[in-house]
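Data block below; observations after.
In this note's numbering, the protein residues as written are 2 to 129.
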C-alpha cells in the first residue's frame, strides 16, 4: 500500500512539473519593450540633466522621485520647510524638462512613445 501511495505521489509531482509554467514560459517575466539604442541615449540625457541640477534640487528630486521618501521626511533630511521641498521639487522637474529641450511633460511622453513605436526614426530620416 505504501509503494502505491509513493508511486502515485511521484507521478503527480512529475505531471505538475510538466504543466507548471517555468520562468522562461512566463509572459510576466519578459520585458514589455526591448531595450533599444534610443532608450540608452535618452537615459544618458536624463542622467546628464539630473547631474546639472543645483545640488539642493537634485537632492530633493532623488529623495522624493527615486527613493519615494515623503515630503515631511525630505524636509527633515534637508533641514527646510515642507513648502521649500515642494518648491525645489517643482523647480527641479521644470529644469529637467528645460535641459532636455521639452516644453512640457506631455511632449516628453509623446517623444518617449514615438521612440517605442519607431515613429521618431521615420521623422529623423525625412528631415535628412
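For each residue, glycine too, the CB sits at the ideal point set by N, CA and C. Small disclaimer: the values here were computed from a predicted structure and weren't measured.
> Just to confirm, are residue 83 and residue 93 a CB contact at a threshold of 8 Å?
Replying inline: By 1-based counting over the chain shown, the position of residue 83 is 82. By 1-based counting over the chain shown, the position of residue 93 is 92. Cβ atoms of residue 83 and residue 93: not closer than 8 Å.
>> Once DSSP output is grouped into helix, strand and coil, what is the label at residue 100?
In response: Sequence index remark: in the chain shown, residue 100 carries index 99 (1-based). When DSSP states are grouped into helix, strand and coil, residue 100 belongs to the helix group.
> Residues in its own chain within less than 8 Å of residue 59 by CB, not counting five upstream and five downstream?
Replying inline: Looking up residue 59 in the chain shown gives position 58. If we look at residue 59 and ignore the five residues flanking it on each side, its Cβ neighbours are 51, 52 and 93.
> residue 129: buried (16+ other C-beta within 10 angstroms of its C-beta) or exposed?
Replying inline: As a working note, residue 129 is residue 128 in the chain shown. Low confidence applies to residue 129: its pLDDT is 41, below 50, so where it sits in the model is not reliable enough to give any reading.
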